[in-house]
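K.L.:
Numbering (our numbering), first residue to last: 63 to 346.
Every residue, glycine too, gets a C-beta built ideally from N, C-alpha and C.
Pasting in a structure now, in structure tokens, and then I'll have a few things to ask.
So, in structure tokens, the structure goes:
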């Protein structure tokens, strides 16, 4: 069977299984099996696959048909041009979070003439913390997560990108895990924001494979934002910023939460689909 034939047949299989963008998914899996860039497949459509290659691809396509995320199957996800190890212990980095990352590193970059410190609150895979360390080499980066397993993944990613010596990792429940009197010029957070009852309605790739700890935002999805509004001012320097990602339809509710706690909401920004997705706030 040739490359083109196996792409076509596998894409038909994934279509029947309800997988989004089935041909792209197959091409990415096949590129992984053949250890070549995806676009190089187009120059090799007539290349026959060996029995071993076919067997390996069939196994991966079957897993994808069972709605296991592509990133878990290949073991990595791309975020802002960097590859990150991912597994069931961490949330797969989403493309929209790259906007939050860009805002964060640009803010820190304006402070590079002075020592600065940043905290990635609920670091998960470490994608935000690692990216800040890569982009802002003069900054002191901290990362906190309640999950020991997630922090192991974050440390692996920091090692992968050669910034492990520049990130301080803290395991525990939020600010309680960070020694006093440490304060930050930037706190960046992509906290859980799915209402508990809605988790069962999510796509299988998310519902069955992302860690519930990284999804469940409490009954109204706002539990972590209420906590951040209440507690993070004490950990933010006077000229610092808090930057957060939240879910669709939560913008006004979250703005109210922060303004009621006397924050100044500096900006509400949109994602690639023009949905309000990010809040930037500073101390009053």
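1. Taking DSSP as the reference, what is the three-state secondary structure of residue 230?
2. May I ask you to report which of helix, strand or coil DSSP gives residue 208?
3. Give the list of continuous alpha helix (DSSP H) stretches no shorter than 4 residues that lie fully inside the region 116-164.
4. If I follow the unbroken alpha helix (DSSP H) through residue 78, where does it start and stop?
5. Are at least three pairs of beta-carbons, each pair with one atom in the region 297-310 and one in the region 238-245, less than 8 Å apart?
6. Which two residues bound the contiguous beta strand (DSSP E) that contains residue 330?
7. For residue 271 and residue 131, I'd like the C-alpha separation in whole angstroms.
8. Could you tell me the distance, in whole angstroms, from the CA atom of residue 97 to the CA atom of residue 144?
9. Excluding the 5 residues flanking residue 325 on each side, which residues of the same chain have their C-beta closer than 6 Å to its C-beta?
10. Could you say which of 274, 248, 81, 95 lies nearest to residue 173 if we only look at CA atoms?
11. Within a Cβ cutoff of 6 Å, which residues of the same chain sit near residue 152, ignoring the five residues on either side of it in sequence?
12. Would you grab the beta carbon distance between residue 303 and residue 169 for me? Rounded to a whole angstrom, and I think it's under 8 Å.
13. Kindly indicate which three-state DSSP category residue 302 falls into: helix, strand or coil?
14. Whole angstroms are fine: how far does the CA of residue 251 sit from the CA of residue 312?
15. Of all the options 90, 159, 67, which has the alpha carbon lying nearest to the alpha carbon of residue 306?
16. Residue 339: buried (16+ other C-beta within 10 angstroms of its C-beta) or exposed?
P.N.:
Based on what the coordinates show:
1. For this step, residue 230 is matched to residue 168 along the chain shown. If DSSP states are grouped into helix, strand and coil, residue 230 belongs with the strands.
2. Numbered from its first residue, the chain shown carries residue 208 at position 146. Residue state, collapsed to three classes: coil.
3. Counting only runs that start and end inside the region 116-164, the alpha helix (DSSP H) elements of at least 4 residues fall at 132-136.
4. Residue mapping note: residue 78 aligns to position 16 of the chain shown, counting from 1. Residues 65-78.
5. yes
6. On the chain shown, residue 330 is found 268 positions in, with the first residue counted as 1. It spans 326-332 - the beta strand (DSSP E) in which residue 330 sits, taken as one unbroken run.
7. Working through the chain shown from its first residue, we reach residue 271 at position 209. Working through the chain shown from its first residue, we reach residue 131 at position 69. One C-alpha to the other measures close to 7 Å.
8. As a first step, residue 97 must be located in the chain shown, where it is residue number 35. As a first step, residue 144 must be located in the chain shown, where it is residue number 82. The straight-line gap from Cα to Cα measures roughly 18 Å.
9. Residue numbering aside, residue 325 sits at position 263 when the chain shown is read from its first letter. For residue 325, same chain residues with a beta-carbon under 6 Å away, outside a window of 5 residues either side, are 343 in chain order.
10. Along the chain shown, one-based indexing puts residue 173 at 111. Comparing C-alpha distances from residue 173 to each of 274, 248, 81, 95 shows the shortest one belongs to 248.
11. As a first step, residue 152 is located in the chain shown; it is residue number 90 there, counting from the start. These residues qualify, in order along the chain: 186, 187, 212, 215.
12. Position 241 of the chain shown, counting from 1, holds the residue named residue 303. Position 107 of the chain shown, counting from 1, holds the residue named residue 169. That pair is a contact at about 6 Å.
13. As a working mapping, residue 302 is identified with position 240 in the chain shown. Residue state, collapsed to three classes: strand.
14. The count along the chain shown starts at 1 and reaches residue 312 at position 250. The count along the chain shown starts at 1 and reaches residue 251 at position 189. Distance between the alpha carbons of residue 312 and residue 251 is about 15 Å.
15. In the chain shown, counting from the first residue as 1, residue 306 sits at position 244. For the residues 90, 159, 67, the minimum Cα distance to residue 306 belongs to 159.
16. Here residue 339 refers to the residue found at position 277 when the chain shown is read from its first residue. Flag for residue 339 reads buried.
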